[in-house]
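Working notes, structure below.
Residue numbers (the working numbering): -16 to 74.
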C-alpha cells in the first residue's frame, strides 16, 4: 500500500521549477525519495511497525529518523563562510 515512485514524483512535479531556481542560486537541495520509497517501489507508510506519517504530508518521529542519512552530508561538510567572521542579515 502506498504511492509508486512515479506517482510520488508526479505529485511534487509542480515544485521542480522552484527547486531548480534555488539550486542555481547555490541552495543545496535534499531529495528524500531514496529513503521514503521501499524495496517494493512504493512509498513507505510504515517501517518496522511504526507509522512514518502523521498525516498526508508530515512525518512522525520514526519517519524523521528514517531521513537521518539524507541530512548527514550537510553536517559532515564544512559550512561555507563559517570562518569568515561575517554575520548574515536575515531576509
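Ideal Cβ placement from N, Cα and C applies to all residues, glycine included.
For clarity, every value in this text was computed on a predicted model and none was experimentally measured.
The C-alpha of residue 5 lies about 10 Å from the C-alpha of residue -1. When DSSP reads this structure, residue 30 sits in a beta bridge with 33.
Between residue 20 and residue -12, the C-beta spacing is below 7 Å. DSSP places residue 42 within a strand segment (E or B) once states are collapsed to three. For residue 16, the enclosing alpha helix (DSSP H) starts and ends at 16 to 19.
Leaving aside the five residues that flank residue -14 on each side, the residues in its chain whose CB is nearer than 7 Å to its CB run, in chain order, 25, 26. Taking the CA atoms as reference points, residue 44 sits about 15 Å from residue 15.
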